Amino acid sequence: MYRAKSTRTGHHVYVDDDSHGDERLRTLAELRTALHEDQLLLHYQPKIDLATDTVCGVEALVRWNHPVRGLLYPDAFLGLVEEAGLMPALTHIVFEKALAQAEAWQEDGRELSMAVNLSASSLVDVDLPDRIGDMVEARGLAPSVLVLEITEDFLMADRDRAHAILTRLRALGVRIAVDDFGTGYSSLAYLRDLPIDELKLDKSFVMPMADDPRAAALVASTIALAHSLGLRMVAEGVENSVAYAELAGYGCDMAQGFYMSRPVPAAELDAWLAKRESAIGLRQPVAFSSAP
Ligand code: C2E
Ligand code: MG
Ligand code: MG
Ligand code: MG
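Following this line, the structure appears as structure tokens:
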């Protein structure tokens with residue numbers, strides 16, 4: 477539908493107002509199809525324990541294998557998933573896939589924790605803790621394998637409610653991480669009494685470390701503060717050896733980033749792990765290959 481629109485000069489032009497709306501509707505229909513026809517998949521990015529230099533876990537990150545547009549990243553579709561009220565459905569699919577993969581790794585004798593991102597909207601679902609508990613149990617996994625990554629906006633919206641939900645989740649034995657820490661308005665003082673285990677320092681603090689001593693100092697003091705509250709610190713966005721070494725020096729617990737590996741399909745991660753292990757077996761220095 478076309479609508480007259482005034483321009484700054486007072487002339488009327490006709491704008492195809494609905495072109496965006498049409499595309500939105502089309503994507504929405506495609507999204508529903510994607511959920512039903514198994515077009516979503518997970519990539520996994522390794523998390524390194526900096527004290528031991530070993531791979532301790534992975535983060536599952538959703539992708540959409542769109543039949544025409546190819547592989548789509550979360551930024552391209554999660555907003556629409558939220559708007560369309562499809563987040564609970566997506567969350568369910570992501571959990572099923574992530575836990576199936578965790579089970580497969582367990583059967584291969586790999587001890588990897590599995591981190592799954594939970595949107596604030598999916599945490600509104602009061603049945604979620606029970607369902608997560610059931611899914612973990614059905615796979616014969618230890619609940620401690622699972623790490624739930626939640627963002628600050630959820631914690632800030634309603635502190636009492638967040639506290640109650642996190643307490644229920646944690647009672648299952650799963651671990652809770654606060655994702656993108658530092659980008660929201662929460663502070664360590666605010667987080668102090670919440671039942672959480674880890675902070676994931678946002679990549680916007682980690683990426684400039686190598687070039688900016690003040691950025692590095694900020695990261696160092698944030699790690700020290702987190703530790704003083706008994707929280708483990710994970711740095712995301714580690715893109716080079718300088719940041720990696722600095723984080724290790726500051727006592728950061730874990731690191732994740734393109735320097736070690738981009739998020740990749742499970743089979744690629746297996747190959748990466750095998751390569752790493754054979755390097756260690758040969759007693760070669762453990763050097764991370766740069767991003768593929
Ligand atoms: P996030 O949870 O903070 O995940 C980290 C993002 O940073 C990922 O982007 C990852 O690919 C990227 N990243 C990791 N290392 C580096 C690095 O060294 N440099 C840079 N520049 N980037 C790095 P991705 O996969 O595009 O995901 C974006 C966001 O989408 C995630 O941010 C998370 O908030 C959301 N998301 C992803 N999967 C899911 C999901 O299954 N459910 C929900 N609710 N949200 C998800
Ligand atoms: Mg995350
Ligand atoms: Mg993050
Ligand atoms: Mg992020």
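As numbered in full-length UniProt numbering, residues 477 to 768 make up the sequence shown, in order. We put the beta carbon where it would ideally sit given N, CA and C, even for glycine. Remember, predicted model here, so these are calculated numbers, not experimental data.
- Proximity of the beta carbon of GLU674 to ligand 3 is not indicated: no heavy atom of the ligand is located closer than 8 angstroms.
- Under the 8 angstroms Cβ criterion, the region 683-697 does not count as touching the region 644-656, having fewer than three qualifying pairs.
- Rounded to the nearest whole angstrom, the CA to CA distance from GLN582 to ALA565 is 26 angstroms.
- Residue environment: VAL602 is assigned as exposed (fewer than 16 neighbouring CB atoms within 10 Å of its CB, all protein chains considered).
- The region 527-588 contains, as complete alpha helix (DSSP H) runs of 4+ residues, the segments 550-559 and 563-583 (chain order).
- Excluding five sequence positions before and after ALA633, the CB atoms of its chain that fall closer than 8 angstroms to its own CB belong to ALA596, given in chain order.
- For PRO522, the secondary structure class from DSSP, reduced to helix, strand or coil, is strand.
- In the structure shown, VAL740 adopts extended strand secondary structure according to DSSP, grouped into three states.
- Cβ contact annotation for ASN541 (same chain, cutoff 7 angstroms, sequence separation greater than five): GLN515, LEU517 and LEU547, in chain order.
- Ranking ASP673, GLN521, SER662 and VAL623 by CA distance to the CA of SER704 puts ASP673 first.
- Collapsing the DSSP output to three states places ASP603 in coil.
- Out of ALA580, LEU554, LEU504 and THR528, the CA that lies nearest to the CA of ALA742 is found in ALA580.
- Going by beta carbons, ASP678 and GLY658 fall inside the 9 angstroms limit.
- Listed as beta-bridge partners of ILE626 by DSSP are VAL654.
- Under the three-state reduction of DSSP, MET683 is assigned to coil, being neither helix nor strand.
- Relative to ligand 2, the beta carbon of ASN716 is positioned no closer than 8 angstroms to any heavy atom.
- Distance from the C-beta of GLU712 to the nearest heavy atom of ligand 3 is below 8 angstroms.
- With a cutoff of 9 angstroms on beta-carbon distance, LYS573 and ALA536 are scored as near each other.
- In terms of CA proximity to LEU749, ILE524 leads the group LEU507, ILE524 and HIS512.
- Assigned with DSSP and collapsed to three states, VAL621 falls in helix.
- The DSSP assignment places complete beta strand (DSSP E) segments of no fewer than 3 residues inside the region 702-753 at 708-711, in order along the chain.
- Taking the C-beta atoms as reference points, SER662 is found nearer than 9 angstroms to LEU631.
- When HIS568, SER737, LYS676 and VAL592 are compared, the shortest CA-CA separation from ARG607 is found for HIS568.
- Using a 10 angstroms sphere on the CB of ALA693, the tally of other CB atoms stays under 16, which defines it as exposed.
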